[in-house]
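Written out below as structure tokens is the structure these notes cover.
Numbering (full-length UniProt numbering), first residue to last: 1 to 142.
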């Protein structure tokens, strides 16, 4: 956690990267806190402090993929297990975000190459906003 806060602080304080790259770095570094919140939300379920209806409380709950359908977590009423559902959704969002980091950085660098004559002098915040918006919509489709 210390290194993430330090990364955010350094990115804000120094102008090592272009503003668009700095915005992307801040967003992806800040998403680390997103998965911390998700882990805090799922922790009571994984430790057995809170239980999911219809699941044996003595079995540990893990939120990973399995090919065996009998090992999948079957939730019959998601409203009673709302925080478990939300934590899983947040984790999926974080994992898909981290899976596309290199692609997003590549798209930003492609814009830098396209506007090579004046990219470093002009702000063009719309590029970072466009990239984040497009990839957020793509994550919804995934």
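Even glycine gets a Cβ: it sits at the ideal position worked out from N, Cα and C.
Remark: C-beta atoms of residue 8 and residue 29 approach each other more closely than 8 Å. With a threshold of 16 other beta carbon atoms within 10 Å, residue 120 falls short and is exposed.
Per DSSP, reduced to three states, the secondary structure at residue 78 is coil, with no helix or strand assignment.
By the Cβ criterion, the segment 75-85 is not in contact with the segment 103-120, since fewer than three pairs of Cβ atoms, one from each stretch, lie closer than 8 Å.
With respect to residue 75, residue 61 sits apart: the two C-beta atoms are not nearer than 8 Å.
By the neighbour-count criterion, in which a residue is buried when 16 or more other Cβ atoms sit within 10 angstroms of its Cβ, residue 94 is buried. In this structure, residue 20 places its C-beta atom within 8 Å of the C-beta atom of residue 124.
Just measuring C-alpha positions, the residue of 77, 107, 2 sitting nearest residue 54 is 77.
Taking C-beta atoms as the reference points, residue 17 and residue 5 fail to come closer than 8 Å.
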